[in-house]
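*Asks:* Okay, so the sequence shown: first residue is 1 according to the UniProt record's numbering, each after it adds one.
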Amino acid sequence: MNHDHHGHAHGQAAAPQAPAPAGTVYTCPMHPEVRQDHPGTCPICGMTLEPLMPSLEEGNPELDDFQRRFWWTLPLTVVVTALAMLGHRWLGLDMALQSWVELVLSLPVVLWAGAPFFRRGWSSIVQRSPNMWTLISLGTGAAFVYSLVATVAPGLFPDSFRAMGRVGVYYEAAVVIISLTLLGQVLELKARSQTSAAIKSLLGLSPKTARRIRADGSEEDIPIEHVHVGDRLRVRPGEKVPVDGVVVEGRSGVDESMLTGEPLPVTKGVGAALIGATLNTSGALVMRAEKVGASTVLSQIVQMVAQAQRSKAPMQSLADHVAGRFVVAVAAIAVLTLLAWGVFGPEPRWTYGFINAVAVLIIACPCALGLATPMSIMVATGQGAKRGVLFRDAAAIENLRRVDTLIIDKTGTLTEGRPAFEQAVPTPGYTPDEVLQLAASLDQGSEHPLADAIVSAARARGLALDAPERFDSGSGIGVTGRVGGRALALGNTAWMQAQGVAVDDLLPHAEPLRAQGASVMYLGVDGRAAGLLAVSDPVKASTPQALASLKAAGLRIVMATGDGLTTARAVGEKLGIAEVHGEVTPQDKLSLVERLQREGRIVAMAGDGINDAPALARADVGVAMGTGTDVAMNSAQLTLVKGDLRGIAIATGLSHATVTNMRQNLMFAFLYNAIGIPIAAGLLYPFTGWLLSPMIAALAMSLSSASVIANALRLGRAR
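(1) At which residues does the beta strand (DSSP E) containing residue 407 begin and terminate?
(2) Touching or not, the region 698 to 716 and the region 399 to 409, by the rule of three or more beta carbon pairs under 8 Å?
(3) Quick one: Cα of residue 377 to Cα of residue 658, how far?
(4) Measure the alpha-carbon distance for residue 706 versus residue 344 and round it to whole angstroms.
(5) With a threshold of 16 other CB atoms inside 10 Å of the CB of residue 687, please say whether the residue is buried or exposed.
(6) Taking the alpha-carbon positions, what's the residue 600 to residue 594 distance?
(7) At what residue ranges does the region 236 to 303 contain a whole run of the alpha helix (DSSP H), taking only runs of 4 or more?
(8) Could you pull the start and end residues of the alpha helix (DSSP H) that residue 113 belongs to?
(9) Just confirm the distance between the C-beta atoms of residue 680 and residue 368, as a whole number of angstroms; I'd bet it's less than 8 Å.
(10) DSSP three-state call for residue 16: helix, strand or coil?
(11) Just how far apart, CA to CA, sit residue 336 and residue 327?
(12) Near residue 626, what residues of its chain come up, given a Cβ to Cβ distance below 6 Å and the 5 sequence neighbours on each side ignored?
(13) Using a 10 Å radius around the Cβ and a threshold of 16 neighbouring Cβ atoms, would you call residue 181 buried or exposed?
(14) Would you mind giving the Cβ-Cβ distance between residue 248 and residue 304, rounded to the nearest angstrom? I have them listed as a contact below 8 Å.
(15) Once you ignore the five residues that flank residue 539 on each side, which residues in its own chain have a CB closer than 8 Å to its CB?
(16) Return the Cβ separation of residue 488 and residue 436 in integer angstroms, given the expectation that the two are a contact with Cβ distance under 8 Å.
(17) Helix, strand or coil, according to DSSP, for residue 601 in the structure here?
(18) Drop a sphere of 10 angstroms on the beta-carbon of residue 90, count the other beta-carbons inside from all chains shown, and report buried for 16 or more, exposed for fewer.
(19) Grab the span of the alpha helix (DSSP H) containing residue 519 for me, first residue to last.
(20) From residue 391 to residue 26, what does the alpha carbon distance come to, in whole angstroms?
(21) Judging by CA-CA distance, which residue of 42, 597, 535 and 646 is the nearest neighbour of residue 545?
(22) Quick check on DSSP: helix, strand or coil for residue 224?
(23) Which value, in whole angstroms, describes the spacing of the CA atoms of residue 715 and residue 139?
(24) From the DSSP output, in three-state form, read off residue 573 for me.
(25) Helix, strand or coil: how does DSSP classify residue 50 here?
(26) Looking at the structure shown, is residue 4 part of a helix, part of a strand, or coil, going by DSSP?
(27) Let's test the definition: count the other Cβ atoms within 10 Å of the Cβ of residue 177 and tell me whether it reaches 16, buried, or not, exposed.
(28) Would you mind stating whether residue 254 and residue 237 have Cβ atoms separated by less than 8 Å?
(29) Drop a sphere of 10 angstroms on the beta-carbon of residue 596, count the other beta-carbons inside from all chains shown, and report buried for 16 or more, exposed for fewer.
(30) Taking all protein chains shown into account, do 16 or more other C-beta atoms lie within 10 angstroms of the C-beta of residue 102, making it buried, or fewer, making it exposed?
(31) Rank 523, 468, 514 and 295 by C-alpha distance to the C-alpha of residue 500 and give the top, closest one.
(32) Kindly indicate the opening and closing residues of the alpha helix (DSSP H) around residue 618.
(33) At the level of alpha carbons, what is the spacing between residue 47 and residue 63?
(34) Report yes or no: do the region 102 to 120 and the region 75 to 89 share at least 3 C-beta pairs separated by less than 8 Å?
(35) In chain order, what residues of the same chain lie with their CB nearer than 6 Å to the CB of residue 278, ignoring the 5 residues before and after it?
(36) Taking DSSP as the reference, what is the three-state secondary structure of residue 209?
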């Protein structure tokens, strides 16, 4: 997200807009490349620009404006239409006078209610990017100006134009088209606001205030925007954690389900990391703020969703390209319609020609075409976000369905990434608890994750740990020290050999444990083997089901891990993954992705760590675990907030549904124009006597946009 904090120098002119926060950037939903620091319309398609980041407070000023214009002028439109249909017959009005009455009633509708459309139409001509507003302003403008001249200077027209004592006027066509277009815009803006509902629900998760502890120990409630890095904050039971940080006092269970989907609260003690917007359930905590504002995890997620909703699908560039040419073609068809009727049509020839030309301009409006893909993308990204699947951009949604090979990292992706103690096997003369108690006492000083697993297991069993009198760590392969007057050594086979401790008797126990995917450490006491300890990283409960659904979707699954080959193969066998690469470096993972791509495969890579970042960035679709590192998430096109591989299956399903939806929308839009334009031009008149009035054309145009939006919103119910 680029937060261009422009000044607000020329944003002052647009006074009626709701006050957006300073530094707000506005962009077009269809053309994300358009960015400016004040509200306005898109120079390419004329759509109203929206703030890059939706906020909870702001209403939609444009929606209010259009609703006001619509409701205030609707009575005038109804009266003008009624007069045009029935004025002479029922009210016995003089026809020339009636034209003047219609003119006076139409002026506010055309000049005030229709003003935004004419401004956009003019801008599209100046910018040389013809769009729907070009057609609408040409059509209504032509109908109004023609009628104005017919009312003010009827003498300019030949007799063939006169009927019932006056030159025919088309005020009703102009006003009805403007009212219907306004109605279409109101409906469209309402639907568009639904698409940002997902972001608003995410924004709604974060608390509005925080309780800050001042230097003198007194406390105050402050708005969340005023929290600074390093502030000490109190989080009482039942409150949400205000920002990301660490616990400095207290202990409590924190419910992180909004991020991880894990239903059980996670116990947090001093030094534990806290994520903003998670819920403190039981105890009181004091925390130190470490990430505030836009850098919190929640804000990053909101930014990713907003960015994805604004990005352009590859399919959209085609639709844009077509829409531009299409407008020019339609204008040409309208001119041909006018000439053909004027030269060959029945009397009043030019009148027929004129009405049909206006109908062509109105019905061919390409707004449905322009909305076809952005609506689907917005709904899909919102749907994904609600289910813990964040797409980085529209291209990721389109590409995901083409993926045929998935490379998966083991630790933290297939497995929990948190090693857990499995068992202790003692030699004669020791009990399992003694082996665990001695190893844990020695390991209290080590920060290795395996050591952490052993210490936690001993504490969980209520074993009393002795403080080590001496402690030395040996480069990650083992530790030595003295506990209770005895010399202890703990580590792998190589470490034990270096300490002169024979472990041959324990080997028959060690190999089967390793084959099951566990890491094994030996314990030596005073130079003799006392037993071994097995620690393993359990497979996530969701993994087998996730792999089954991915295989069912026809994906080839490859596992790549930095772990030893024996352990990697054991996990692969347990999960039914045939292709396993062990002991790979970040560079090896990158090469593996490139090799598969050279074989012509579309590769997705799933990982959670810094070591996966290069491969995630290189893959056709990178999938990061939301439980992993920021680097991984920034390199990936897809983030699974819950770190659950089933998310890939959800995302793939969503990708297929979205692309199908976009194709349906484009088909609706094209089909509707293919049928509408010939009827409006009057091609069926010689055979059926059918003509399409500009008013019906305007209604059909609004309905076409509505149908595209309705179809896109169906994605919200896709399973």
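Virtual Cβ for every residue (Gly too), placed ideally from N, Cα, C.
*Replies:* This is what the structure gives:
(1) 405 to 409
(2) no
(3) 7 Å
(4) 37 Å
(5) exposed
(6) 10 Å
(7) 257 to 260
(8) First-last for residue 113: undefined, no H or E at that position.
(9) Their Cβ separation, rounded to whole angstroms, is 15 Å, which puts residue 680 and residue 368 out of contact at 8 Å.
(10) Residue confidence for residue 16 is low, a pLDDT of 36 falling below 50, so the modelled location carries little weight; the figure read from the coordinates is stated next. Three-state DSSP puts residue 16 in coil, outside helix and strand.
(11) 14 Å
(12) 639, 640, 641 and 643
(13) buried
(14) The Cβ separation is near 30 Å, so there is no contact.
(15) 414, 415, 416, 571, 574 and 575
(16) 13 Å between Cβ atoms; not a contact.
(17) coil
(18) exposed
(19) No alpha helix (DSSP H) contains residue 519, which is instead part of the beta strand (DSSP E) from 518 to 525.
(20) 21 Å
(21) 646
(22) helix
(23) 34 Å
(24) helix
(25) strand
(26) Here the model assigns residue 4 a pLDDT of 41, short of 50, so the residue's position is not dependable, and the following value carries that caveat. The answer is coil: DSSP assigns residue 4 none of H, G, I, E or B.
(27) buried
(28) no
(29) buried
(30) buried
(31) 523
(32) 613 to 618
(33) 12 Å
(34) yes
(35) 241, 254 and 256
(36) strand
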